[in-house]
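Okay, structure first, notes after.
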Amino acid sequence: MPTVIFPRQLRQFTAGNAKHETKTTAFRTILDEIFALYPGLVGPVALPNGEIQPFIGIFVSGRRVSSEDMSTLSIASDAEVAIISAVAGG
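Each residue of the sequence shown is one higher than the one before, starting from 3 at the first, in the working numbering.
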């Protein structure tokens, strides 16, 4: 089953959980599922309309998913979904 990996900086919104396993392979459904389970992720990861924040990258098994593909993408049952936030420094 697909696994969503949460980076350390987002775990404050997931009750400390580092990952979430799901039974669905429909990518948009996976996002809807984690936002319903962890509503605190909506602001940091997604806009209220469901679009992903511009500074967030989502990768499926190492490949970046474009915002255009999110609504139609189906992923492998053993895929890893990683939510990555941009790193800034000075």
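We put the CB at the ideal spot given by N, CA and C, even for glycine.
3 or more residues per run - each beta strand (DSSP E) lying fully within the stretch 28-86: Unbroken beta strand (DSSP E) runs of no fewer than 3 residues, entirely contained in the stretch 28-86, are found at 58-62, following chain order.
On the three-pair Cβ rule with 8 Å, is the stretch 8-17 touching the stretch 79-86? Because the criterion of three Cβ pairs below 8 Å is met, the stretch 8-17 and the stretch 79-86 touch.
Do Ser79 and Thr5 count as a contact pair if the criterion is CB distance below 7 Å? Counted from its first residue, the sequence shown places residue 5 at position 3. Counted from its first residue, the sequence shown places residue 79 at position 77. No, the pair does not count as a contact, with Cβ atoms beyond the cut-off.
In its own chain, which residues sit with a C-beta less than 8 Å from the C-beta of Ala81, not counting the 5 before and 5 after it? To locate residue 81, count along the sequence shown from 1; it is residue 79. These residues qualify, in order along the chain: Pro4, Thr5, Thr27, Val62, Ser63.
With 16 other CB atoms within 10 Å as the buried threshold, where does Phe57 fall? Counted from its first residue, the sequence shown places residue 57 at position 55. Exposed is the call here.
Compare the C-alpha of Leu39 against each of Met72, Thr74, Asn19 and name the closest. Within the sequence shown, residue 39 is the residue found at index 37, counting from 1. Out of Met72, Thr74, Asn19, Asn19 has the C-alpha closest to the C-alpha of Leu39.
Arg30 to Gly42 span [Cα, whole Å]: The sequence position of residue 30 within the sequence shown is 28, counting from 1. The sequence position of residue 42 within the sequence shown is 40, counting from 1. Their Cα atoms are separated by approximately 18 Å.
Between Ser69 and Glu53, which are expected to be in contact by the criterion C-beta below 8 Å, what is the C-beta distance as a whole number of angstroms? Walking along the sequence shown from the start, residue 69 turns up at place 67. Walking along the sequence shown from the start, residue 53 turns up at place 51. Right, their Cβ atoms sit about 7 Å apart.
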